Every structure is written in structure tokens, then in C-alpha cells.
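Visitor: For the protein sequence lines, the chains are Z and W, in the order given. Note that UniProt numbering gives residue 92 to position 92 of the first sequence, counting from 1, and the numbers run on in steps of one. Note that UniProt numbering gives residue 16 to position 16 of the second sequence, counting from 1, and the numbers run on in steps of one. Don't be surprised by glycine CBs; every beta carbon is placed ideally from N, CA and C. Every value quoted in this text rests on a predicted model; they were computed, and no experiment measured them.
There are 2 protein chains.
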Amino acid sequence: MGERFLKSIRLLADCLQSYERLSGQYVRQSGLTHAQFDIIATLGNTPGMSYKELGDKTLITKGTLTGVIERLEQKGLVERQRNDCDKRSFFVRLTAEGEQVFCNVFPQVVKESGKVFAHYSEDDFAALEKTLTDLKTVITAGHTECPSTRDSTKEII
Amino acid sequence: MGERFLKSIRLLADCLQSYERLSGQYVRQSGLTHAQFDIIATLGNTPGMSYKELGDKTLITKGTLTGVIERLEQKGLVERQRNDCDKRSFFVRLTAEGEQVFCNVFPQVVKESGKVFAHYSEDDFAALEKTLTDLKTVITAGHTECPSTRDSTKEII
DNA sequence: TATTGTTATACTCTATAACTATA
DNA sequence: TATAGTTATAGAGTATAACAATA
Chain Z
1 MGERFLKSIR LLADCLQSYE RLSGQYVRQS GLTHAQFDII ATLGNTPGMS
51 YKELGDKTLI TKGTLTGVIE RLEQKGLVER QRNDCDKRSF FVRLTAEGEQ
101 VFCNVFPQVV KESGKVFAHY SEDDFAALEK TLTDLKTVIT AGHTECPSTR
151 DSTKEII
Chain W
1 MGERFLKSIR LLADCLQSYE RLSGQYVRQS GLTHAQFDII ATLGNTPGMS
51 YKELGDKTLI TKGTLTGVIE RLEQKGLVER QRNDCDKRSF FVRLTAEGEQ
101 VFCNVFPQVV KESGKVFAHY SEDDFAALEK TLTDLKTVIT AGHTECPSTR
151 DSTKEII
């Protein structure tokens with residue numbers, strides 16, 4: 001029937017929910033909200049990007065994004081710069097302090113939450129990644145995607 | 001090294017995010033918020049459950065749950081009943097109208113968002129489910145889980 | 001005309017903690 | 001004492017739409 005896929009989606013959600021439950025405490029300890037951490041994680045290891053791009057990647061709408069970025073700016077974790085090419089647009093990037101948060105909070109979250117994968121082998125990971133990559137391709141086919149989907153490790157809440 | 005698993009988590013998040021983007025529009029059309037739909041979906045096809053159980057399954061804390069359930073009650077979609085055995089506790093279940101929403105909104109969301117899986121075979125699904133079930137077991141091992149995790153199709157946003 | 005980001009509104013969710021009532 | 005749910009508070013995210021500046 002048509003709903004055969006639902007079980008997989010539910011499992012997907014369960015996995016992510018469990019992981020979030022696992023790592024969420026460490027994120028919260030850093031004083032960042034889910035959305036803020038999402039932004040930090042998305043900007044980490046990139047030269048920065050526009051609001052538009054950030055919104056596309058995090059599923060946060062532009063109106064909301066203004067507020068989220070504002071709070072991060074107040075905390076001194078991100079900075080904005082007018083785009084010279086397109087003066088409507090801003091370039092958002094992590095400040096030095098933001099990079100530091102990224103580099104401190106991230107590893108701690110990673111270290112603690114990654115313990116459950118201790119016994120995974122290289123092959124286990126490779127197989128899992130292949131499965132998920134294929135799945136992503138299938139699901140993403142449903143909506144025309146921005147081709148610039150990069151590898152910024154994000155949504156690690 | 002220790003962060004090898006991150007790629008999988010990110011893929012997991014990407015998949016779910018893409019699916020949410022795909023199905024989210026239909027959820028919103030139903031007039032339900034993410035959290036409300038989550039509750040409806042969790043209660044669907046069950047005889048009902050306590051706040052405690054609902055909170056455990058949806059990751060919504062009890063303080064918040066009061067508000068969410070309240071709004072659903074105002075909409076006439078859920079009803080509460082004192083538990084006779086433990087008078088501190090409530091039993092929450094879908095009303096007839098709630099069941100109807102579950103039975104109407106759900107299939108539409110399912111139908112539209114399931115289209116991308118059109119070419120998946122029975123074997124494809126079986127393999128995917130096995131991978132995800134194993135992954136869930138691993139991740140869940142990190143925190144002692146309530147043993148009553150049932151099959152209420154939820155988090156289908 | 002279309003797009004980027006801002007502002008404004010109204011609502012909803014969130015974390016947290018103190019509280020009531022049962023157990 | 002511990003647990004189920006309520007209330008209160010302060011902050012944050014959300015959808016939506018009207019708006020400015022720029023393309």
C-alpha cells in the first residue's frame with residue numbers, strides 16, 4: 001500500500017529524537033537554543049553565507065531568522081557584512097568567539113553523544129551512510145533543491 | 001576518529017528535514033502545529049495514554065504538555081479522563097473528531113509525501129527498516145528507555 | 001516585477017521552578 | 001518522600017503579511 005514508507009519515517013524520527021535527547025543536555029549547557037546551535041553548526045567550517053542560504057539549510061523562515069541572528073549577534077557569536085555584489089544581501093559568518101563556541105561545544109557534544117557508537121566498525125558506518133545518502137536523495141527528489149548543498153555539519157542537536 | 005558517526009547523524013537530520021519540508025505544508029493546511037500534530041499522531045490508533053507517557057514519547061515536557069493538550073481540547077480533538085486507579089493521573093485520548101482528523105489529515109499527508117517512494121520495492125523497505133531499527137537500538141541504548149515504546153506512528157511531520 | 005532582508009502581530013512552544021493533590 | 005499534573009514566568013520560535021531597498 002501507499003503507506004509502507006511510514007514505518008521508515010517513524011524510525012528516522014525515533015533515531016533523531018533519541019539522539020537529540022542524548023545530546024540535548026550538552027547543547028543546553030552551552031546556553032544555546034536548538035535554533036541557535038543549528039545556525040552555529042551550519043556556519044561552522046564555512047566562510048559564511050547569506051540569510052537566504054541559511055534559511056534554506058535550517059528550514060528557518062526569513063522573518064524568524066532575523067531574530068535568531070540578532071540574538072547571536074548580541075552574544076557576539078556571529079557577524080554580518082553587506083554583500084558588495086548584491087547590496088540587498090548580508091553575509092553572515094561566525095566571529096572568532098563563535099568559532100570558539102563551535103570548536104568547544106561541538107566536540108563535547110560529539111564526545112559524549114558518540115559513545116553509543118563505540119563498537120561501530122568502519123564498514124558499519126559506510127553501510128549506514130550509503131543507506132542514508134540514498135534515502136536522502138530519494139526524499140530530496142520531491143522538491144527542487146538548491147544545488148549548493150554543502151557539507152557543513154549541521155542539525156547535530 | 002570519535003566523530004565518524006556525525007555524518008550519519010547529519011544525514012539522518014537531512015532526511016527528516018527534507019521529509020518535513022515535503023509534508024509540512026499539508027500538516028499546516030490542517031490547522032495543526034507541529035506539536036499538536038505530533039500528539040494527534042501519537043494518540044492515533046491507541047486507546048489513549050497518560051500525560052507522562054505522552055511526554056515521554058513526544059519529548060514535550062509536562063509543563064508544555066498542559067498547554068498543548070489544552071488547545072487540542074478546546075478544538076475538541078482530545079478528551080481527558082481521570083484515571084481511577086491513580087487519581088493524580090489523567091487519561092488522554094482522541095475524541096471522535098480527533099480520530100477523524102487523524103484519519104483525514106494523516107492519509108493526505110501520507111499520500112502526497114509518499115509519492116517519492118513510489119519505486120521502492122518491498123525489499124528496499126525491509127532493508128531500510130532493518131538499518132534504522134538497528135540504529136535506533138544503538139542510540140537508544142544511551143539512555144534507559146521506557147519499555148512500553150509502542151508502534152504509534154508519530155513524528156510524521 | 002521579483003528578491004533580500006526588516007518589521008509587526010499574534011500565537012505557540014520551551015525551560016524552569018514552585019505549587020497542589022494524590023501515592 | 002516521590003510522582004502526576006498545574007500554574008507562572010520569561011524567553012524564544014513560528015507563520016504571515018506588509019514594507020523598504022535593491023536587482
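Quick check on the DSSP output: what are the complete alpha helix (DSSP H) runs of length 4 or more inside the UniProt domain "HTH marR-type" (2-137) of chain Z, in order along the chain?
Guide: Taking only runs of at least 4 residues, the alpha helix (DSSP H) segments lying wholly in the UniProt domain "HTH marR-type" (2-137) of chain Z are 6-29, 34-43, 51-58, 62-74 and 96-113.
Visitor: Would you tell me roughly how many angstroms separate the C-alpha atoms of residue 55 of chain Z and residue 71 of chain W, rounded to the nearest one?
Guide: Cα-Cα distance, rounded: 29 Å.
Visitor: Let me check understanding here. Comparing Cα to Cα, which of W:45, W:44, W:46 and W:61 lies closest to residue 52 of chain W?
Guide: Residue 52 of chain W has its Cα closest to that of W:61, out of W:45, W:44, W:46 and W:61.
Visitor: Is residue 55 of chain W close to chain Z? Criterion is C-beta to C-beta, closer than 8 Å.
Guide: No, because no Cβ of chain Z sits closer than 8 Å to the Cβ of residue 55 of chain W.
Visitor: Once the 5 residues before and after residue 43 of chain Z are set aside, which same chain residues still bring their CB inside 8 Å of it?
Guide: So the list reads 49, 54, 78, 92, 93, 94, 98, 102 and 152, once near-sequence residues are dropped.
Visitor: Mark residue 186 of chain Z as exposed unless 16 or more other C-beta atoms lie within 10 angstroms of its C-beta, in which case mark it buried.
Guide: Past the boundaries of the shown model lies residue 186 of chain Z; chain Z is included only from 1 to 157, so the question cannot be answered.
Visitor: Do residue 6 of chain W and residue 128 of chain Z come within 8 Å of each other at the CB atom, strictly closer than that value?
Guide: Not in contact: residue 128 of chain Z and residue 6 of chain W (Cβ atoms no closer than 8 Å).
Visitor: Sort W:36, W:132, W:31 and W:104 by Cα distance to residue 68 of chain W and report the nearest one.
Guide: Comparing Cα-Cα distances from residue 68 of chain W to each of W:36, W:132, W:31 and W:104, the minimum goes to W:36.
Visitor: Using a Cβ-Cβ cut-off of 8 Å, state whether residue 19 of chain W counts as contacting chain Z.
Guide: True, the Cβ-Cβ gap to chain Z drops below 8 Å.
Visitor: Just mark residue 18 of chain W as buried or exposed, buried being the case when its beta carbon has 16 or more other beta carbons within 10 Å.
Guide: Result: buried.
Visitor: How about residue 30 of chain W and residue 105 of chain W: do their beta carbons lie closer than 8 Å?
Guide: It is a contact, given that the beta carbons lie within the stated cut-off.
Visitor: From residue 139 of chain Z to residue 120 of chain W, what does the alpha carbon distance come to, in whole angstroms?
Guide: Whole-angstrom Cα-Cα distance: 12 Å.
Visitor: Smallest Cα separation from residue 4 of chain W: which of Z:11, Z:141 and Z:123?
Guide: Nearest C-alpha to residue 4 of chain W: Z:123.
Visitor: Out of curiosity, what's the CA-to-CA distance linking residue 41 of chain Z and residue 8 of chain W?
Guide: Approximately 15 Å between the Cα atoms of the pair.
Visitor: Applying the criterion that 16 or more other CB atoms from any shown protein chain within 10 Å of the CB defines a buried residue, is residue 82 of chain W buried or exposed?
Guide: Flag for residue 82 of chain W reads exposed.
Visitor: Select from Z:46, Z:13 and Z:73 the residue whose C-alpha is nearest the C-alpha of residue 32 of chain Z.
Guide: Of Z:46, Z:13 and Z:73, the residue nearest in Cα terms is Z:73.
Visitor: From the beta carbon of residue 4 of chain Z, is the nearest beta carbon of chain W less than 8 Å away?
Guide: It does; some Cβ of chain W falls within 8 Å.
Visitor: CA-CA distance, residue 59 of chain Z and residue 84 of chain Z?
Guide: Each residue's Cα considered, the two are about 26 Å apart.
Visitor: Could you give the distance in angstroms between the alpha-carbon of residue 117 of chain W and the alpha-carbon of residue 14 of chain Z?
Guide: Near 20 Å, if we compare the C-alpha coordinates of residue 14 of chain Z and residue 117 of chain W.
Visitor: Who are the neighbours of residue 8 of chain Z on chain W, taking C-beta pairs under 7 Å?
Guide: The answer, in chain order, is 125, 128, 129 and 132.
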